[in-house]
Structure formats: structure tokens, C-alpha cells
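Participant: Before anything else, here's the structure in question.
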Amino acid sequence: LAAHRAAQKLFRGAGGLSRLQDSVVSERVLELKQSVALQKVHPNVLAKVLRKSLLHEDKDFVVIDKPYGIPVHGGPGVRLSLADVLPVLAKMMEGMKAQPFHLCHRLDKETTGVMALGRNQEAAQGLQQLFRTRQVTKHYWVVTVGVPVPSEGIIDIPIMEKEIPGAQHLYKMGLSPLYRTGG
1 LAAHRAAQKL FRGAGGLSRL QDSVVSERVL ELKQSVALQK VHPNVLAKVL RKSLLHEDKD
61 FVVIDKPYGI PVHGGPGVRL SLADVLPVLA KMMEGMKAQP FHLCHRLDKE TTGVMALGRN
121 QEAAQGLQQL FRTRQVTKHY WVVTVGVPVP SEGIIDIPIM EKEIPGAQHL YKMGLSPLYR
181 TGG
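Numbering follows full-length UniProt numbering, with no gaps: position 69 of the sequence shown is 69.
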């Protein structure tokens, strides 16, 4: 939601584009700093934050604004993930007998944005199939501090999974300007 608000403000103004005001950027930086602290909280606290970030809900889905810094899945070195708090979030929203929500897709830890959760396995699998068959259109917005040159354009650089140097074997998505698949 915060990313959506920032994007709307970015595209307002004469000619369709205007710069974000310093106050909007400062607000976003503060939100990012606060979300880093969410990595160290009790699962109930994170579930409350996710409940407040509700964007949409219907009989099949709950849609939230995933905070920056929270991994979707657990793994080595991950203290708390979104998947870990789905049972708590479901109970907060639907009562103590609620079944956990189901992940429908993933977002990188460093990405904030719309995250769809299925209220049941069937709904989740249906949306997962749409993602797998690329029937879902994804839009990514970037908020910058300062004005990039050029101020408008298309970034066409392939991304791929890269190993992060360190004692543990960890991987993340990264830019790979030398890797092209043809075309």
C-alpha cells in the first residue's frame, strides 16, 4: 500500500510525472527502517502488523502489503518468516479455529508489495497456477532518493539467482547484465 501511494504521487502532476516530495521520501525511509525491526519481533507482533496492512479480503483471498525485510519462507539464518505467522494471522482475522492462510506466491525479502494469501488450499492452488503459467502481470515500482538520470526509462537487465558470499550457502535474485537468453 505504501509503495502504491508513493507510485500514485510520483505519477501525479503536469505531464504525468513529478518528483516525490521530500516528506514522502522521508516517510518511506522511516517505514523501511521500522520494517527492518520487524525481523526481531514476536510472531504475534508481526501478525498484528500484517493485519493492519490488509489491502483486500474476500471469501477466497486475503491480500496484504508485505513489509520490507520479511522473508516469505524460512531458511538458514531466518528467525521469522511470513509463512511462520500465517496461522496466527488467520486466528486473529477469523477466530481460534481458523485454518492457516496459504501462500499463493512469493516476494523477495527486500521487496515490499502486494502479497496474496489463500483462505483455502483450492483458492491458493488456483492462483499459484496462474503465476506458474504467467497469466498474472506483475508491476514493479522503484522509489529512489534523488533523481535518476535519465528520469524515465526502461531497465532491461536480466535477473538470476546468485550465491551470497559467506559461511552459509545462501542465494538471492540479482542483476545479471551479461546473461541474455537471445532475442
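Glycine residues also receive a C-beta, built at the ideal position from the N, C-alpha and C atoms.
Tell me, which residues are paired with residue 155 by DSSP?
Facilitator: DSSP lists no partner for residue 155.
Participant: Which of the three DSSP states is assigned to residue 90 in this structure?
Facilitator: helix
Participant: Apart from the five residues just before and just after residue 83, which ones in its own chain have a Cβ nearer than 8 Å to its Cβ?
Facilitator: Spatial neighbours of residue 83 in its own chain (CB-CB distance under 8 Å, excluding positions within 5 residues in sequence) are listed in chain order as 72, 73, 74 and 103.
Participant: Pull the bridge partners of residue 41 from the DSSP assignment, please.
Facilitator: Beta-bridge partners assigned by DSSP to residue 41: none are found.
Participant: Applying the criterion that 16 or more other CB atoms from any shown protein chain within 10 Å of the CB defines a buried residue, is residue 184 buried or exposed?
Facilitator: The chain is shown only over 1 to 183; residue 184 falls outside these bounds and no answer can be derived.
Participant: Alpha helix (DSSP H) containing residue 122: first to last residue?
Facilitator: 121-132
Participant: Any idea which residues DSSP pairs residue 117 with across the strands?
Facilitator: 62 and 103
Participant: How is residue 110 classed by DSSP in three states: helix, strand or coil?
Facilitator: coil
Participant: Tell me the rounded alpha-carbon separation between residue 121 and residue 154.
Facilitator: Rounded to the nearest angstrom, the two C-alpha atoms are 37 Å apart.
Participant: Could you check where the beta strand (DSSP E) with residue 173 kicks off and where it finishes?
Facilitator: Counting along the chain, the beta strand (DSSP E) containing residue 173 begins and ends at 170-175.
Participant: Would you mind sorting residue 113 into buried or exposed? The rule is 16 or more other CB atoms within 10 Å of its CB.
Facilitator: Around the CB of residue 113, 16 or more other CB atoms lie within 10 Å, so the residue is classed as buried.
Participant: For residue 162, does the three-state DSSP call read helix, strand or coil?
Facilitator: Of the three classes helix, strand and coil, the one that applies to residue 162 here is strand, per DSSP.
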